[in-house]
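The structure under discussion appears below in the form of structure tokens.
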Amino acid sequence: MAQDSGRRSDSPQGNPVFLRTGSIKRGLKPPYKGPCEIVNSSEKVFRILRNGKEVSVSVHSLKPTYIPKELVDIPADMS
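Positions 11 to 89 (my numbering) are the ones given, in order, by the sequence shown.
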């Protein structure tokens, strides 16, 4: 059995997610914004931090992030 090479966030509180933009995109614009941090969640609605504000979004608008194992232990202030 192969070892997991990273961590996938399945949307628990504090983990980053991408937010789907509902608009039609031209050219090569990405369909997701983010990453955004989850503040609170229920079965169908998540509260996330977007642009410094808490907003409520549907679970269907979110995409979990994948963080490579090499980046899991790197402090956020090191870019």
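Even glycine gets a Cβ: it sits at the ideal position worked out from N, Cα and C.
Here P45 is near F28, since their CB atoms are less than 8 angstroms apart.
Residue burial annotation: L72 is buried, with at least 16 other C-beta atoms found within 10 angstroms of its C-beta. Straight-line spacing of the CA atoms in L59 and I77 works out to 19 angstroms. Fully enclosed beta strand (DSSP E) runs of no fewer than 3 residues occupy 55–60, 63–68 of the stretch 44–71, in order along the chain. Closest by C-alpha distance to S66, out of P74, K79, R36, V49, is V49. In this structure, the CA atom of G62 is about 16 angstroms from the CA atom of N25.
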